[in-house]
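Residue numbers (our numbering): 29 to 134. We put the beta carbon where it would ideally sit given N, CA and C, even for glycine.
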(Lines of atoms letter the chains of each structure in order from A and count residues from 1; the text may use other names and numbers.)
(Lines give C-alpha, C1' and ligand atoms only; values in the text may rest on other atoms or scores of the structure.)
Protein backbone atom coordinates (compact mmCIF):
# COMPACT_ATOMS: atom_id res chain seq x y z
CA UNK A 1 0.00 0.00 0.00
CA UNK A 2 1.33 3.40 -0.99
CA UNK A 3 1.47 5.90 1.86
CA UNK A 4 1.83 9.64 1.30
CA UNK A 5 4.20 11.36 3.72
CA UNK A 6 4.28 15.16 3.77
CA UNK A 7 5.39 18.06 5.95
CA UNK A 8 2.26 20.00 5.04
CA UNK A 9 -0.98 19.81 7.02
CA UNK A 10 -3.06 18.70 4.06
CA UNK A 11 -2.76 16.94 0.72
CA UNK A 12 -3.85 18.90 -2.33
CA UNK A 13 -6.85 17.36 -4.04
CA UNK A 14 -7.62 15.01 -1.15
CA UNK A 15 -9.84 15.38 1.90
CA UNK A 16 -8.82 14.14 5.33
CA UNK A 17 -11.63 11.88 6.51
CA UNK A 18 -10.27 11.13 9.96
CA UNK A 19 -7.24 11.67 12.17
CA UNK A 20 -5.89 8.42 13.54
CA UNK A 21 -3.25 9.76 15.92
CA UNK A 22 0.45 10.47 16.11
CA UNK A 23 2.80 8.13 14.26
CA UNK A 24 6.49 8.22 15.16
CA UNK A 25 9.69 6.47 14.18
CA UNK A 26 13.09 6.67 15.82
CA UNK A 27 16.61 5.57 15.11
CA UNK A 28 19.84 5.97 17.05
CA UNK A 29 23.17 6.14 15.26
CA UNK A 30 26.47 5.30 16.90
CA UNK A 31 29.47 7.19 15.58
CA UNK A 32 32.27 5.09 14.07
CA UNK A 33 35.81 5.96 15.22
CA UNK A 34 37.24 5.97 11.68
CA UNK A 35 34.49 8.27 10.45
CA UNK A 36 35.24 10.54 13.43
CA UNK A 37 38.90 10.74 12.40
CA UNK A 38 37.98 11.52 8.79
CA UNK A 39 35.42 14.11 9.91
CA UNK A 40 37.97 15.69 12.26
CA UNK A 41 40.45 15.98 9.42
CA UNK A 42 37.77 17.62 7.25
CA UNK A 43 37.05 20.11 10.03
CA UNK A 44 40.73 21.09 10.14
CA UNK A 45 41.16 21.59 6.39
CA UNK A 46 37.60 22.70 5.68
CA UNK A 47 34.93 21.16 3.54
CA UNK A 48 31.98 18.91 4.13
CA UNK A 49 32.00 15.61 5.94
CA UNK A 50 30.51 13.25 3.38
CA UNK A 51 30.47 10.25 5.73
CA UNK A 52 28.49 12.10 8.40
CA UNK A 53 26.09 13.44 5.78
CA UNK A 54 25.57 9.93 4.43
CA UNK A 55 24.88 8.58 7.94
CA UNK A 56 22.42 11.40 8.60
CA UNK A 57 20.54 10.64 5.37
CA UNK A 58 20.36 6.94 6.22
CA UNK A 59 19.17 7.70 9.74
CA UNK A 60 16.53 10.16 8.53
CA UNK A 61 15.25 7.68 5.93
CA UNK A 62 15.07 4.92 8.56
CA UNK A 63 13.14 7.10 11.02
CA UNK A 64 10.68 8.18 8.31
CA UNK A 65 10.15 4.59 7.14
CA UNK A 66 9.51 3.44 10.73
CA UNK A 67 7.01 6.27 11.18
CA UNK A 68 5.28 5.27 7.94
CA UNK A 69 5.12 1.65 9.09
CA UNK A 70 3.44 2.70 12.38
CA UNK A 71 0.94 4.73 10.35
CA UNK A 72 0.20 1.73 8.09
CA UNK A 73 -0.43 -0.37 11.21
CA UNK A 74 -2.98 2.28 12.27
CA UNK A 75 -4.74 1.95 8.90
CA UNK A 76 -3.57 5.32 7.58
CA UNK A 77 -3.46 6.43 3.96
CA UNK A 78 -1.06 9.29 4.71
CA UNK A 79 1.01 11.06 7.35
CA UNK A 80 0.72 14.85 7.44
CA UNK A 81 2.60 17.51 9.36
CA UNK A 82 5.78 15.43 9.48
CA UNK A 83 8.69 16.80 11.48
CA UNK A 84 12.18 15.31 11.70
CA UNK A 85 14.28 16.07 14.79
CA UNK A 86 17.92 15.37 15.63
CA UNK A 87 19.27 15.04 19.20
CA UNK A 88 22.53 13.83 20.69
CA UNK A 89 22.34 11.00 23.21
CA UNK A 90 25.15 10.41 25.66
CA UNK A 91 27.53 12.55 23.62
CA UNK A 92 28.40 9.61 21.34
CA UNK A 93 25.14 8.83 19.60
CA UNK A 94 22.62 10.68 17.49
CA UNK A 95 18.88 10.08 17.79
CA UNK A 96 16.71 10.93 14.79
CA UNK A 97 12.95 11.08 15.30
CA UNK A 98 10.25 11.49 12.66
CA UNK A 99 6.67 12.13 13.73
CA UNK A 100 3.45 13.26 12.14
CA UNK A 101 -0.30 12.72 12.16
CA UNK A 102 -1.61 9.51 10.61
CA UNK A 103 -4.76 10.21 8.59
CA UNK A 104 -7.40 8.40 6.57
CA UNK A 105 -8.18 10.09 3.25
CA UNK A 106 -11.45 10.30 1.40
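Is it the case that the CB of residue i approaches a heavy atom of the ligand ATP more closely than 6 angstroms?
{"i": "residue 49", "result": "No copy of the ligand ATP occurs in the structure displayed, which carries no ligand at all."}
In three-state DSSP terms, what is residue i?
{"i": "residue 87", "result": "helix"}
{"i": "residue 103", "result": "coil"}
{"i": "residue 41", "result": "coil"}
Near residue i, which residues of its chain fall below 8 angstroms by C-beta distance, leaving aside the five closest residues on each side in sequence?
{"i": "residue 37", "result": "108, 109"}
{"i": "residue 43", "result": "133, 134"}
{"i": "residue 95", "result": "33, 51, 52, 53, 107, 110, 126, 127, 128"}
From what residue to what residue does the beta strand (DSSP E) around residue i run?
{"i": "residue 46", "result": "44-58"}
{"i": "residue 36", "result": "Element bounds for residue 36: n/a, residue is neither H nor E."}
{"i": "residue 106", "result": "106-117"}
How should residue i be labelled, buried or exposed, when 16 other C-beta atoms within 10 angstroms of its C-beta is the threshold for buried?
{"i": "residue 105", "result": "buried"}
{"i": "residue 87", "result": "buried"}
{"i": "residue 83", "result": "buried"}
Could you pull out every residue in the same chain whose Cβ sits closer than 7 angstroms to the Cβ of residue i, ignoring the five residues on either side in sequence?
{"i": "residue 48", "result": "102, 103, 104, 130, 131, 132"}
{"i": "residue 116", "result": "122"}
Residues in the same chain with beta-carbon distance under 6 angstroms from residue i, minus the five sequence neighbours each way, listed in chain order, please.
{"i": "residue 113", "result": "125"}
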